[in-house]
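Trainee: Quick one: the structure is below, and I'll ask about it shortly.
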Amino acid sequence: MRIARFSIDGNVGFGVVEGDELDVIKGHPFAEFERSGQKVPLDKVRLLPPVLPNKVVAIGRNYAEHAAELGNAVPDVPVTFFKPSTSVIGPGDPIGYPSFSQEVHHEAELAVVIGRMCREVPRERAKDVILGYTCANDITARDVQQREAQWARAKGFDGSCPLGPWVETGLDPADIAAGLAVQCTVNGEQRQLGRTSDMVRPVEDLIVHITEAMTLLPGDVILTGTPAGVGPLNVGDEVAVTIEGIGTLTNKVIKRG
Ligand code: MG
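If you number the sequence shown the way the UniProt record's numbering does, the last residue is 257 and the count never jumps.
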């Protein structure tokens, strides 16, 4: 099932995507919900970020080829950082090029959406805390990342976390481990193509590692790292992240006003 968050005529809600329509949900997807049967055409709504995370916990260097392309080794302990809630934007929203960077990169990533409050999750329960999966772009000011010890500005600026277009609930960690294609195109040209089977640490291990330290809340998001092929974005570019079995997240880079 694909669950989208949308606005229409100033109202915000969740709906189940069925073909080119949304079946509006009564309530929200973090509890038992009913479909209302009220259908809205997808092209009449604005899709919003599918969730509003309290926090986005991101993992760095989780694909060996990507670590190598930037001259890094795969770390013994996962590189973990935050992207703030204010970095999140939805499908079709503009990415404002930050004034303090000359080198902004795309990073196509599988995003895990957490479905329930959890901490100290044992590996065998990890799949129970997942609502589903969506596409993410871990937009990074690479030059800033290289000159500042912590990545809060380089990876946390407004608009640096496009998410969407919806949450696919029909995949489980075994599907991810089997290898979904993760692709990034810029202006229609392929820049990244990897498989989730190449993740150094699978989704369950990331959930164990993160919740050893902190409570995850419904709607929180884990970014699972990017495959090789990262590269620059320029003002005017259209960047698209496509994940097999989920969908495509498209955003345009604009000059920040
Ligand atoms: Mg990343």
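Yeah, the Cβ is synthetic: ideal placement off N, Cα and C, and Gly gets one too.
Considering only residues of the same chain and omitting the five flanking positions on each side of V56, which have a CB-CB separation below 6 Å?
Mentor: For this step, residue 56 is matched to residue 56 along the sequence shown. The residues are K83, C161 and V221.
Trainee: What are the residues that DSSP puts in a beta bridge with L249?
Mentor: Stepping through the sequence shown from its first residue, residue 249 is reached at position 249. DSSP, once it has assigned bridges, lists V241 as partnering L249.
Trainee: With T211 as the anchor, note down where its alpha helix (DSSP H) starts and where it stops.
Mentor: In the sequence shown, the residue the question calls residue 211 occupies position 211. T211 -> alpha helix (DSSP H) spans V203 to T211.
Trainee: What would DSSP say about S7, mapped onto helix, strand or coil?
Mentor: Looking up residue 7 in the sequence shown gives position 7. S7: strand per DSSP, three-state reduction.
Trainee: Would you tell me roughly how many angstroms separate the C-alpha atoms of E120 and E18, rounded to the nearest one?
Mentor: One-based indexing of the sequence shown puts residue 120 at position 120. One-based indexing of the sequence shown puts residue 18 at position 18. Roughly 36 Å separates the two Cα atoms.
Trainee: In the DSSP assignment, find the unbroken alpha helix (DSSP H) run with D143 in it and report its ends.
Mentor: The residue labelled residue 143 in the question sits at position 143 within the sequence shown. Its alpha helix (DSSP H) spans residues R142 to R147.
Trainee: Can you tell me the Cβ-Cβ gap for P165 and T248, rounded? I've got them flagged as a contact below 8 Å.
Mentor: Numbered from its first residue, the sequence shown carries residue 165 at position 165. Numbered from its first residue, the sequence shown carries residue 248 at position 248. Going by Cβ atoms, the distance from P165 to T248 rounds to 7 Å, so yes, they are a contact pair.
Trainee: Classify S36 as helix, strand or coil using the three-state DSSP reduction.
Mentor: Within the sequence shown, residue 36 is the residue found at index 36, counting from 1. In the structure shown, S36 adopts extended strand secondary structure according to DSSP, grouped into three states.
Trainee: Please report the straight-line C-alpha distance between R195 and P227, rounded to a whole angstrom.
Mentor: Taking the first residue of the sequence shown as position 1, residue 195 is located at position 195. Taking the first residue of the sequence shown as position 1, residue 227 is located at position 227. R195 and P227: Cα-Cα distance of roughly 8 Å.
Trainee: Confirm, please, whether the CB-CB distance from E109 to A136 is below 8 Å.
Mentor: Counted from its first residue, the sequence shown places residue 136 at position 136. Counted from its first residue, the sequence shown places residue 109 at position 109. Result yes, Cβ atoms of A136 and E109 sit closer than 8 Å.
Trainee: Name the residue from V203, S36, I3 and T211 whose alpha carbon lies nearest to the alpha carbon of A178.
Mentor: Mapped onto the sequence shown, residue 178 falls at position 178. Closest option to A178, Cα to Cα, is V203.
Trainee: At the 8 Å Cβ level, is S85 part of the contact set with chain C, yes or no?
Mentor: Here chain C cannot be found, since the structure has a single protein chain.
Trainee: Between G60 and the ligand MG, is the CB less than 7 Å from at least one heavy atom?
Mentor: Here residue 60 corresponds to residue number 60 of the sequence shown, with the count starting at 1. Checking the Cβ of G60 against the ligand MG gives yes.
Trainee: Can you tell me whether L52 is buried or exposed? The criterion is at least 16 other CB atoms within 10 Å of its CB, across all chains shown.
Mentor: Counting from 1 along the sequence shown, the entry for residue 52 is found at position 52. Exposed, since its Cβ has fewer than 16 Cβ neighbours within 10 Å.
Trainee: Rounded to whole angstroms, how far is the Cβ of G90 from the Cβ of L48, which I believe are closer than 8 Å?
Mentor: Locating residue 90 in the sequence shown gives position 90, where the first residue counts as 1. Locating residue 48 in the sequence shown gives position 48, where the first residue counts as 1. Their Cβ separation, rounded to whole angstroms, is 5 Å, which keeps G90 and L48 in contact under 8 Å.
Trainee: Who pairs with N137 in a beta bridge, going by DSSP?
Mentor: Along the sequence shown, read from residue 1 onward, the residue named residue 137 stands at position 137. Looking at the DSSP assignment, N137 forms a beta bridge with A108.
Trainee: To test your reading of the DSSP string, which unbroken alpha helix (DSSP H) runs of 4 or more residues are found completely within the stretch 33–101?
Mentor: 64–69
Trainee: Just how far apart, CA to CA, sit R153 and G37?
Mentor: Stepping through the sequence shown from its first residue, residue 153 is reached at position 153. Stepping through the sequence shown from its first residue, residue 37 is reached at position 37. Distance between the alpha carbons of R153 and G37 is about 44 Å.
Trainee: State buried or exposed for F100, treating a residue as buried only when at least 16 other CB atoms are found within 10 Å of its CB.
Mentor: If you number the sequence shown from 1, residue 100 lands on position 100. Under this definition F100 is an exposed residue.
Trainee: State buried or exposed for G60, treating a residue as buried only when at least 16 other CB atoms are found within 10 Å of its CB.
Mentor: In the sequence shown, residue 60 corresponds to position 60, counting from 1. Residue environment: G60 is assigned as buried (16 or more neighbouring CB atoms within 10 Å of its CB, all protein chains considered).
Trainee: Can you tell me whether A67 is buried or exposed? The criterion is at least 16 other CB atoms within 10 Å of its CB, across all chains shown.
Mentor: Along the sequence shown, one-based indexing puts residue 67 at 67. Looking at its Cβ environment, which holds 16 or more other Cβ atoms inside 10 Å, A67 is buried.
Trainee: So P173 is in the alpha helix (DSSP H); what residue range does that whole segment cover?
Mentor: Mapped onto the sequence shown, residue 173 falls at position 173. In the DSSP assignment, P173 falls within the unbroken alpha helix (DSSP H) covering P173 to G179.
Trainee: Which one of T224, T215, D237 and I243 has the shortest CA to CA distance from R116?
Mentor: Residue 116 sits at position 116 when you count from the first residue of the sequence shown. When only C-alpha atoms are compared, the closest one is T215.
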